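Visitor: Residues in the sequence shown are numbered from 1 upward in steps of one, following the UniProt record's numbering. Note that the Cβ used here is the ideal one computed from N, Cα and C, for glycine as well. In this text, all values refer to a predicted model and were calculated from it rather than measured experimentally. Got a structure for you, questions after.
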Amino acid sequence: MIRWTIYAGGKIKSPWDDVCKTYLKRLGSLVVLQEIEGKQWKRIIKLKSQIWVVLDHKGVQYSSQDLWKKLDTLMPHHLCFFIGESYGIPEYILDQSNEMWSFGLMTWPHIFARAMLLEQLYRKILAQTNHPYSCT
């Protein structure tokens, strides 16, 4: 079973939360997905089975199709995605991260980055079944 954890900086509750909840609900039957707020980052310890992916404007930019290929290589592992708070990603997480991805050169509010990540993960899962949504 595919296992993902999203560590979301800032408050998860926001006006955009409904968008994220929609994708979480859609993904819920397809993958094991957990969300953790930034306050709990202090307790995180990296496990050998995990790949840590930091989302940051300095990271590698992918097209959707290239991101899917990248996910194919990483999905045997438990993927942990980190979306920074107002002051970015804590240094100890950056030091242990395996990947740094970007949704463009602009800085996005964490809630937008969260929604974009969830949408791309959902699109990837549907692409595996040749669902029409993944082609748009």
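Can you give me the Cβ contacts of M116 inside the same chain, cut-off strictly under 6 Å, excluding the 5 residues immediately before and after it?
Guide: Only F103 meet the Cβ criterion.
Visitor: Could you spell out where the alpha helix (DSSP H) holding L74 opens and where it closes?
Guide: Here the alpha helix (DSSP H) through L74 covers 64-74.
Visitor: Which class does Q128 belong to by DSSP, given the choice of helix, strand or coil?
Guide: It is coil, neither helix nor strand.
Visitor: For K124, count neighbouring C-beta atoms within 10 Å of its own C-beta (all shown protein chains included) and say buried if the count is 16 or more, exposed if not.
Guide: That one is buried.
Visitor: Could you tell me the distance, in whole angstroms, from the CA atom of G38 to the CA atom of Y7?
Guide: Looking at the two C-alpha atoms, the distance is approximately 6 Å.
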